[in-house]
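**Student:** The opening position of the sequence shown corresponds to residue 15 in my numbering, with each subsequent residue numbered one higher.
Idealized CB from N, CA, C, for every residue including glycine.
All of these numbers come straight from a predicted model, not from anything done at the bench.
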Amino acid sequence: LSLPFDVLETKVANGDSLLAKPADFAPVATPLDRQTAAALQALLKSAARPLILFGPVMAHAPVAALVRQLADATGVPAVCMESPRGINDPGLGAFAGVLAKADIVVLIGKQPDFTLRFGKAPALAADCRFVVIDPDAETLLRSVKNLGASRVALSAHADSAATARALIAAAQPPGGTVWLKEVTAAIAFRPEAWRSIASGDAGPVHPVEVGRAVQEVVNGSPEAVFIADGGEIGQWAQACVTSPVRLINGPGGSIGSAVPFALAARMARPAAPVIAIMGDGAFGFHLMEFDTAVRAALPVVVVVGNDACWNAEHQIQLRTYGKERAHGCELLGTRYDQAVAALGGHGELVTRAAELRPALARAIASGKPACINVMIQRLAAPTVTAGTTAAAH
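1. Flag this pair as yes or no: are the beta carbons of residue 255 and residue 228 separated by less than 7 Å?
2. So the candidates are 161, 149, 214, 317; which of them puts its Cα closest to the Cα of residue 130?
3. Less than 7 Å between the beta carbons of residue 317 and residue 291, yes or no?
4. Using three-state DSSP, classify residue 298 as helix, strand or coil.
5. Using alpha carbons as the reference points, say which of 55, 245, 392, 265 lies closest to residue 179.
6. Near residue 218, which residues of its chain fall below 6 Å by C-beta distance, leaving aside the five closest residues on each side in sequence?
7. Where residue 233 and residue 295 are concerned, what is the direct C-alpha to C-alpha distance, given to the nearest angstrom?
8. Can you give me the Cβ contacts of residue 399 inside the same chain, cut-off strictly under 8 Å, excluding the 5 residues immediately before and after it?
9. In chain order, what residues of the same chain lie with their CB nearer than 6 Å to the CB of residue 277, ignoring the 5 residues before and after it?
10. If residue 66 and residue 91 are in contact, beta carbons under 8 Å, what's the gap, nearest whole angstrom?
11. In terms of alpha-carbon separation, which member of 303, 283, 362 lies closest to residue 239?
12. If I follow the unbroken beta strand (DSSP E) through residue 360, where does it start and stop?
13. Flag this pair as yes or no: are the beta carbons of residue 267 and residue 326 separated by less than 7 Å?
14. Look up residue 255 in the DSSP assignment and say whether it is helix, strand or coil.
15. Tell me which residue opens and which closes the beta strand (DSSP E) that residue 316 is part of.
16. For residue 10 and residue 230, I'd like the C-alpha separation in whole angstroms.
17. Using the beta-carbon count (16 or more within 10 Å), is residue 49 buried or exposed?
18. Look at residue 142 and residue 119 and say whether their C-beta atoms are less than 7 Å apart.
19. Quick one: what's residue 239 bridged to in DSSP?
20. Could you please give me the residues that DSSP links to residue 373 through a beta bridge?
21. Tell me whether the segment 380 to 389 and the segment 341 to 356 touch, counting them as touching only if at least three CB pairs, one residue from each stretch, are closer than 8 Å.
22. Kindly indicate if chain D contains any beta-carbon less than 7 Å away from that of residue 244.
23. Pick helix, strand or coil for residue 233, following the three-state DSSP scheme.
24. Cβ of residue 256 within 6 Å of any heavy atom in the ligand FAD?
25. Going along the chain, which residues of its own chain have a beta-carbon closer than 6 Å to the beta-carbon of residue 371, five neighbours each way excluded?
26. Could you compute how far the alpha carbon of residue 273 sits from the alpha carbon of residue 105?
27. Cα separation between residue 321 and residue 309?
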């Protein structure tokens, strides 16, 4: 954003009164009226396998807790979707399998876009009906149109958090919990084989081992902020690490934001440990922000999964064209740890899984912005289904 110098320097009368105040940026919530809330409750009660899906706005404090509260109050599974992988988000486990069984899906601030396969079979049942609630009137109209009026049982213009609160207030004691337990178990599911993954002394490190070590750090502090970024390694991170506070790249799927996210998180929560996992390609976008981190004394830990590759694109080429036509995705096994150390931070190189935990401990103890450069196996992101058993994907 560039503004002309003469505009910036112009003096105006009563200038202070023109400055925006914090309250000016507060969102204006559109409530869900009681009649619509009651009608929605009736629809949920009539369904055998209802689901409530929220968009990314409900993934973060202070409103994230409403998602769980709504599920508890209604007995209806409530899920927040914020990944570009949509129903194949590894962080949602085997969710795609139960989504296909739903007979009513309530979309609250969640568009029926590519992340939901546009609401079409086989991702969702052909006879599944929808409720669409959105704070943006144009988005609401577009969603209803794209789904088709015959499939939309109810639509309303309302804010996501306000809708959740209205439904909680209007909730009646839930009937059965079998469906809720089934969905909860599907989301929590991870292949049993992952528990035994061990790369040994030979290396390189498996992404599951990276997630396992980082999860121990997150478990050590209820205030920890976890950030997942990158292509394939970012998906492994989302599948393997859970945290009360998590930042990812959102439905747009942009990469490279983990370092700026980490610095902002540390400024917002100075007492909270901040740890990120990101890919080596993604790390290249904002490596120099470690200079900012050192100058501003912002101790964060960034774990770089280094497979010397633009692996997301590489995997697409392998699937589409075969290994003989995989081109332009190779990177160097760059010593990003040394680059961060040269900027005044703390650097660690990890080539074996056994080195991970000690490296994390030293990075945290250093009190500096830290980079742990982990040489990892070049693997495709996991696609988790209830029958997944393979250790490598």
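**Tutor:** So, from the data block:
1. Mapped onto the sequence shown, residue 255 falls at position 241. Mapped onto the sequence shown, residue 228 falls at position 214. In this structure, residue 228 lies closer than 7 Å to residue 255 by Cβ.
2. Numbered from 1 along the sequence shown, position 116 holds the residue referred to as residue 130. Nearest neighbour of residue 130 by Cα position, chosen from 161, 149, 214, 317, turns out to be 161.
3. Taking the first residue of the sequence shown as 1, we reach residue 317 at position 303. Taking the first residue of the sequence shown as 1, we reach residue 291 at position 277. Yes, these two residues count as a Cβ contact at 7 Å.
4. By one-based count along the sequence shown, residue 298 stands at place 284. In the structure shown, residue 298 falls within a coil segment according to DSSP collapsed to helix, strand and coil.
5. The residue given as residue 179 occupies position 165 in the sequence shown. Checking every option, the nearest Cα to that of residue 179 belongs to 55.
6. Taking the first residue of the sequence shown as position 1, residue 218 is located at position 204. Result list for residue 218: 389, 390, 391, in chain order.
7. Reading the sequence shown from its first residue, position 219 is the one you call residue 233. Reading the sequence shown from its first residue, position 281 is the one you call residue 295. Each residue's alpha carbon lies about 28 Å from the other.
8. Counted from its first residue, the sequence shown places residue 399 at position 385. Answer for residue 399: 108, 110, 111, listed in chain order.
9. By one-based count along the sequence shown, residue 277 stands at place 263. Cβ contact annotation for residue 277 (same chain, cutoff 6 Å, sequence separation greater than five): 307, 312, in chain order.
10. Along the sequence shown, one-based indexing puts residue 66 at 52. Along the sequence shown, one-based indexing puts residue 91 at 77. Yes, they are in contact, since the Cβ atoms of residue 66 and residue 91 sit about 7 Å apart, within 8 Å.
11. Numbered from 1 along the sequence shown, position 225 holds the residue referred to as residue 239. That would be 283, whose Cα lies nearest to the Cα of residue 239.
12. For this step, residue 360 is matched to residue 346 along the sequence shown. From DSSP, the beta strand (DSSP E) with residue 360 extends over 360 to 364.
13. Sequence index remark: in the sequence shown, residue 267 carries index 253 (1-based). Sequence index remark: in the sequence shown, residue 326 carries index 312 (1-based). At least 7 Å separates the beta-carbon of residue 267 from that of residue 326.
14. Here residue 255 corresponds to residue number 241 of the sequence shown, with the count starting at 1. Residue 255: coil per DSSP, three-state reduction.
15. Taking the first residue of the sequence shown as 1, we reach residue 316 at position 302. 315 to 320 is the extent of the beta strand (DSSP E) around residue 316.
16. Beyond the ends of the chain as shown, which are 15 and 407, falls residue 10; an answer cannot be given.
17. Locating residue 49 in the sequence shown gives position 35, where the first residue counts as 1. Exposed, because fewer than 16 other Cβ atoms sit within 10 Å of the Cβ of residue 49.
18. One-based indexing of the sequence shown puts residue 142 at position 128. One-based indexing of the sequence shown puts residue 119 at position 105. Less than 7 Å separates the beta-carbon of residue 142 from that of residue 119.
19. What you label residue 239 is simply residue 225 of the sequence shown in a count that begins at 1. According to DSSP, which records beta bridges pairwise, residue 239 is partnered with 259, 288.
20. On the sequence shown, position 359 is the one that residue 373 refers to. BP columns for residue 373 are empty, so no partner.
21. Yes, they touch.
22. Here chain D cannot be found, since the structure has a single protein chain.
23. As a first step, residue 233 must be located in the sequence shown, where it is residue number 219. Of the three classes helix, strand and coil, the one that applies to residue 233 here is helix, per DSSP.
24. With respect to small molecules bound, the structure shown includes none, and the ligand FAD cannot be examined in it.
25. By 1-based counting over the sequence shown, the position of residue 371 is 357. So the list reads 227, once near-sequence residues are dropped.
26. Counted from its first residue, the sequence shown places residue 273 at position 259. Counted from its first residue, the sequence shown places residue 105 at position 91. About 21 Å.
27. The residue you call residue 321 lines up with position 307 of the sequence shown. The residue you call residue 309 lines up with position 295 of the sequence shown. Cα to Cα, the separation comes out at about 30 Å.
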